[in-house]
Amino acid sequence: MNNKEKRSKKDNNKSSQNRRAFGQWLFFIAIALFVILILRFSYIAIGGTVEHINLSSQARRLYTDNKVLKAQRGSILDASGQPIAEDTSTYSVYAVLNKTQVGANKKALYVTNKEKTAKILAKYLPISETKALKALNPSNKNTFQVEFGTAGKNISVATKEKIESYKLTGINFVQSEARLYPNGTFASNLIGITSQVQKKNSDVTQLKGVMGIESAFNKKLTGTDGERSIQKDKFGYQLPSSQEKKAAVDGKNIYTTLDTRLQTLLESEMTKVQSQVHAKSMTATIINAKTGAILATSQRPSFNPTTKSGISKAWSNSLVQDTFEPGSTMKVFTTAAAIDSGHFNAKEKYKSGTYKIGTQVVPDWQTSGWGLITYEEGFARSSNVAMAHLERKMGAKTWKKYIKKFNFLKSTNSGLSGEASGSMQFTYPIDQADTAFGQGIDVTDMQMLQGFTAIANNGKMVKPQYIKKILDSQTGKVTYRMKTKSLGKPVKSSTAKKVRKLMEDVVYKSYGIGQEFKISGYKVAAKTGTAQVVGSGGTYLNGNDSYLYSVVGMVPADNPKYIMYITMKQPTLPATKTATQLLNEIFGPVMKQALGENASTAKNQVSGKVKIANMVGESADTAAKDLGKQNIAATVVGTGSIVTQQSPLANTEMLAGQRVILMTSGQMKMPNLSGWSRNDVLKLTDLVGIQAKFSGTGFVKSQSMKSGAVIQSGQTLTVKLKQK
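Take the position in the sequence shown, starting the count at 1, then add 29; the result is the number in this note's numbering.
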C-alpha cells in the first residue's frame with residue numbers, strides 16, 4: 030500500500046468516525062426531545078398552568094360533557110286539580126345564512142330557499158312575508174345568522190312543530206323555560222307571575238315568583254336542578270362506568286281553594302260591570318263561611334299573566350295590600366259590639382237626620398232623616414246617626430275593644446307579601462263616632478272577610494285561607510293540608526244571630542236599602558255600604574263619583590254557607606242603574622252558582638235543558654265563561670286561545686250540570702278527571718285520539734294518566750269508576 034492509499038484509508042476511517050459521532054449526536058438530541066415531550070405531557074396530565082389556563086381542568090372539560098338537568102317548577106292548581114299555572118317551554122327562532130355551514134353528506138345547514146322560508150314563517154308567526162324576507166336578506170352579506178324580533182320569540186311548542194314539519198334548512202330554535210297560565214285573567218293578582226332570573230355563579234336561568242302565590246311560595250314551587258357528567262374519550266365516545274348523575278328534584282304542587290267554575294264566572298261578571306262603570310278599582314271575593322276557604326276572588330284592574338296585558342296598572346294584590354274606609358258595611362261590627370256589650374235596644378227610637386257631637390255634626394245619607402225611628406230600622410236604612418249613638422252608648426273604650434276583638438288594625442298573616450295592617454283615627458269624640466259607620470278607619474278586604482265569618486258562624490271567627498294542600502309531585506305525599514283555623518269568639522252566638530236578622534231586614538223590609546240582593550228560594554242577610562273617598566289632599570272628595578260602594582251578603586241567612594264581599598271604588602254610574610243594582614250583577618250570579626254547586630244548599634239550581642251554541646272559532650276563555658253561566662261545565666284542552674273542536678256538537682241539547690269539551694291548538698295535557706262521567710271521558714278520548722279502558726260503574730275515581738301529563742296519540746287511558 031503506497032502512501033496515497035494509506036492517506037485515503039485514514040481519511041475514510043476518520044469520515045466514518047465523524048458520521049458515527051454525528052449519528053450518535055442526533056440520537057441523543059432525539060432522545061432529549063422525546064424526554065422533554067414526555068415530561069411536558071406528564072406535567073399537563075398531573076396539572077399545571079400555561080398562559081393562565083389550568084391545563085388539567087381544561088383537559089377535563091374537553092373530555093367531559095356536563096349537563097344541567099332542569100327541575101320542573103311546581104304547578105298551581107284549583108281545588109279539584111285543574112291547572113292554573115304550570116311549566117311549559119317557549120322557543121325563539123333564528124335563521125343561519127352563512128353558506129359554509131354544511132353537515133354530513135354536504136347537507137346545507139343554512140337557508141337555501143329564502144322565499145319559501147319567509148312564506149312559512151309568515152304563516153305561523155306574527156310577521157308579514159315581506160318583513161320575514163327582508164330579515165333573511167340583511168344589508169351585510171357576511172351576516173352569519175338573523176333573528177325576527179319579537180315575532181320570533183315566545184313561540185309555542187305547537188307552532189314550533191308546525192314550522193319544523195316543512196323541514197326548512199337553516200331554521201333553528203332555542204328553548205326557554207316559561208310559565209303557562211291557561212285560564213288567562215283568573216285570580217291573577219292572587220296567583221301572581223314569575224320572571225326569569227340567573228342563578229348565582231352560573232349561566233343557568235330559572236323562574237322566580239315575583240307576585241302572589243308564585244312569590245309567597247317560591248321556595249316550595251322551585252325545584253332543585255340535577256346534573257349529569259359524562260366522561261368521553263378523545264374521539265367523543267362515552268367511556269364505560271363514567272356517568273355521574275344527580276337527580277333533579279321537581280318543585281311541589283300547590284292546590285288552591287279556588288273553584289274554577291266560580292272563578293271563571295266571577296271574572297266574567299266583574300268585566301261586565303267594569304265595562305259599564307270604569308271604576309278606579311273593584312274587588313270581589315266569595316268564601317266558605319264555615320272553613321274560611323276562598324272559593325273565588327278577583328279585582329279590577331287586573332291582568333293576563335301569560336301576555337302581561339294590563340299588568341302595569343295592577344301590581345298590587347287588593348285582597349291584602351290595599352286599604353280603604355269601608356263605610357256602612359262596618360255597621361255590622363258596630364251593631365254586633367253594641368248588642369254583645371248590652372247597649373242595643375232594637376225597639377228604642379232616636380231622632381234620625383243629624384246628630385251633633387261637640388261642634389261637629391254626624392249626618393245621615395238623607396240629611397232630613399226619617400223622623401223618630403227604631404234602631405233596627407236605622408240599621409236597615411243604613412243610618413249613620415244610629416251608629417254614632419250606639420258608639421256613644423258603648424263608650425270609646427268598649428268600642429275600641431271590639432275593633433281589636435274582630436282583629437282589625439293588625440295583619441291577618443295571610444302569607445302574601447306586602448300585607449297591610451290598616452289604621453284608625455280615634456283621638457277625638459267625632460273620630461270615634463266616625464269609625465262606627467266606617468269612616469276614619471282603614472281596613473283590607475281580608476280583614477273584613479275575616480270579621481264577617483264571626484257573624485256567619487254564630488260568633489266563631491275563622492281565618493280566610495287560599496291553600497288547600499301542598500303535594501310532593503315525586504312522592505305523591507301531601508306535605509300540607511288546610512285545616513280550619515279558629516280565631517276565637519269576638520261575640521256571643523246569640524249576638525251573631527241577632528245581627529244576621531237585622532241584615533235580613535236590609536233585604537226584605539220595605540224600607541231596607543238592599544232589596545236588589547234577593548235570591549229566589551234562599552234567605553239572604555246583607556249590608557250595603559257607601560263611603561266617601563279621601564283625596565290626595567287628605568280631605569273627602571265631593572261629587573257623585575267620589576264614593577266607595579260595597580255589599581256583604583251571607584247565604585242562607587239562618588246558617589250561612591257562603592259570604593261574599595264586593596267593593597266598587599269611584600265608579601261612573603250610568604243614569605239607568607244604581608250602585609246596588611250593579612253590585613248585584615256580580616253578587617247574584619256568583620252566589621247562585623255557589624249555592625247550586627253545593628249538595629247541602631242546591632235547590633234545583635242546575636236543572637233544565639240547555640242548547641249548546643257553536644263555539645268553534647270563539648275564544649276558549651269566552652266560550653268557557655258563557656257555558657259556565659248556563660251551568661254547563663267546560664273543560665279546555667290544548668294551549669291555544671281559539672276553540673277548534675267541541676263535543677258535543679253545536680245545537681245539542683244537554684242537561685244543566687253536564688260537561689262540554691273544548692279543543693284548542695297546541696300541546697294537549699290530561700285534565701283531572703275526578704268525578705267525570707263515563708260519557709264525558711269518552712268525549713275527551715275521542716277528541717284527542719286515544720283509547721279508554723274502564724272498570725267499575727259510576728264516576729271517575731282514578732286515572733292511569735296523571736293530570737297534567739302530555740297526551741300523545743295512540744295512548745290508552747285506564748279509568749276506574751265508582752258510584753258516588
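Every residue gets a Cβ at the ideal spot worked out from N, C-alpha and C, and that includes glycine.
Here the structure is a predicted model, which is why all the values come from computation and not from measurement.
As DSSP reads the structure, D471 sits in a beta bridge with S452. Apart from sequence neighbours up to five positions away, the residues of its chain that approach D107 with a beta-carbon distance below 7 Å are I113, T285, L287, D288, T289, ordered along the chain. A distance of 7 Å or more separates the beta carbons of L348 and V619. The beta carbons of G280 and G103 sit about 3 Å from each other, so the pair counts as a contact at 8 Å. Going by DSSP, Q235 is part of the beta strand (DSSP E) stretching over 234-238. If you check the CB distance, K489 and K518 come in under 7 Å. Taken through DSSP and simplified to helix, strand or coil, Y404 comes out as helix.
In the structure shown, the three-state DSSP call for A277 is coil.
Measuring C-alpha to C-alpha distances from G667 to each of Q741, S731, K621, N708 identifies Q741 as the nearest.
Of the other Cβ atoms in all chains shown, 16 or more fall within 10 Å of the Cβ of D351; this residue is therefore buried. Closest in C-alpha terms to F435, from the list G469, Q479, A409, comes Q479. It is roughly 15 Å from the alpha-carbon of T179 to the alpha-carbon of K189. Within the DSSP secondary-structure output, K378 pairs in a beta bridge with T403.
Residues R208, L236, K237, G238, V239, E243 of the same chain have their beta carbon placed closer than 7 Å to that of T223, with the five preceding and five following residues left out of the count.
Contact between the stretch 640-657 and the stretch 681-691 is present, with at least three C-beta pairs closer than 8 Å. With respect to the C-alpha of N486, the residue from T253, G252, S194, T320 having the closest C-alpha is T320. Boundaries of the beta strand (DSSP E) around E115: 112-125. Counting along the chain, the unbroken beta strand (DSSP E) around M692 starts and ends at 688-692. Between V306 and T601 the beta-carbon gap is near 6 Å, inside 8 Å, which marks them as a contact. For I470 and N282, the gap between their C-alpha atoms comes out near 38 Å. Annotation: S450 to M311 spans about 20 Å, alpha carbon to alpha carbon. The beta-carbon separation of A483 and A415, rounded to 21 Å, does not stay under the 8 Å limit for a contact. T568 and M692 have their C-alpha atoms roughly 54 Å apart.
For L684, there is no enclosing alpha helix (DSSP H); the residue is part of the beta strand (DSSP E) that begins and ends at 682-684. P677 has its alpha-carbon roughly 22 Å from the corresponding atom of L750.
In this model, L438 and Q292 are separated by some 29 Å (Cα to Cα). In the three-state reduction of the DSSP assignment, K163 falls in the helix class. The beta-carbon distance between E406 and Y540, rounded to whole angstroms, is 6 Å. This is short enough to meet the 8 Å contact definition.
The alpha-carbon of I496 is positioned some 9 Å away from that of I323. Closest option to R707, judged by alpha-carbon separation, among V672, V739, I671, L746: L746. Distance between G646 and T596, taken at the CA atoms: about 35 Å. In this structure, G181 sits away from V140, with a CB-CB distance that is not shorter than 7 Å.
Shortest Cα-Cα distance from I315 to any of G444, M475, G387, G558 involves M475. The beta carbon of Y431 sits closer than 6 Å to the beta carbons of A366 from its chain, once the five residues preceding and following it are set aside; these are given in chain order. For the 7 Å CB-CB criterion, K556 and T358 form a contact. Between the stretch 241-256 and the stretch 607-625 there are fewer than three C-beta pairs closer than 8 Å, too few to call the two in contact.
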